[in-house]
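>
Numbering (our numbering), first residue to last: 33 to 180.
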């Protein structure tokens, strides 16, 4: 447990034992020395626990929203990959205008593709079959292979 988490637990303990916020801060200074949280934070946590907060850990906060991984970019990259599977991630970055990492995330997480040698291929064959049903397939050692 980090020092701050221990201090929050101590603040909660002091509140339940009816010790004032000022005395709680002094006790924390004696116990934790230089690593004591600021007086403002001690008072804030004391007030939060007094108002009924039970958890001593931080609440979840939303991170920065991704503006480049949306349906429009996913659709555009999907179309480009279906047209030419030999495009590199750098090519897609230049064509679509979003970051390298965003293109990687779209290819891997949204489209389920991975790089094999110099060609983007799906983890399952259904991705390309569903969009180009006229491509003939052959079975070779229990695997379906595109004849393109």
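Positions of the beta carbon are idealized from the N, C-alpha and C atoms, including for glycine.
Please return the same chain residues whose Cβ sits closer than 6 Å to the Cβ of residue 172, not counting the five positions on each side in sequence.
Only weak support exists for where residue 172 lies, its pLDDT of 48 falling under 50; the value from the coordinates is given anyway. Excluding residues within five positions, none has a Cβ falling inside 6 Å.
> Going by beta-carbon coordinates alone, are residue 88 and residue 44 separated by less than 8 Å?
Taking 8 Å as the Cβ cut-off, residue 88 and residue 44 qualify as a contacting pair.
> Considering only the alpha carbon of each residue, which of 145, 133, 93 lies closest to residue 114?
Here the closest residue by C-alpha is 145.
> Output the distance between the C-alpha atoms of residue 84 and residue 76, rounded to the nearest integer angstrom.
The straight-line gap from Cα to Cα measures roughly 13 Å.
> Quick check: the region 100 to 113 against the region 52 to 72, are there 3 or more CB pairs under 8 Å?
With a cut-off of 8 Å, the region 52 to 72 and the region 100 to 113 do not count as touching, because too few Cβ pairs lie within range.
> Determine the burial state of residue 99: buried for a count of at least 16 other Cβ atoms within 10 Å of its Cβ, exposed for fewer.
Exposed is the call here.
> Once DSSP output is grouped into helix, strand and coil, what is the label at residue 47?
Correct three-state label for residue 47: helix.
> Please determine, among 143, 81, 124, 109, the residue with the shortest C-alpha to C-alpha distance to residue 53.
Closest by alpha carbon: 81.
> Please state whether DSSP places residue 119 in a helix, a strand or coil.
Residue 119 falls in the coil class under three-state DSSP.
> Starting from residue 59, trace the alpha helix (DSSP H) in both directions and tell me its first and last residue.
Here the alpha helix (DSSP H) through residue 59 covers 53 to 64.
> Can you list, in chain order, the residues of its chain with a C-beta nearer than 6 Å to that of residue 46? Leave out the 5 residues immediately preceding and following it.
Correct list, in chain order: 56.
> I need the DSSP call for residue 98, collapsed to helix, strand or coil.
Residue 98: coil per DSSP, three-state reduction.
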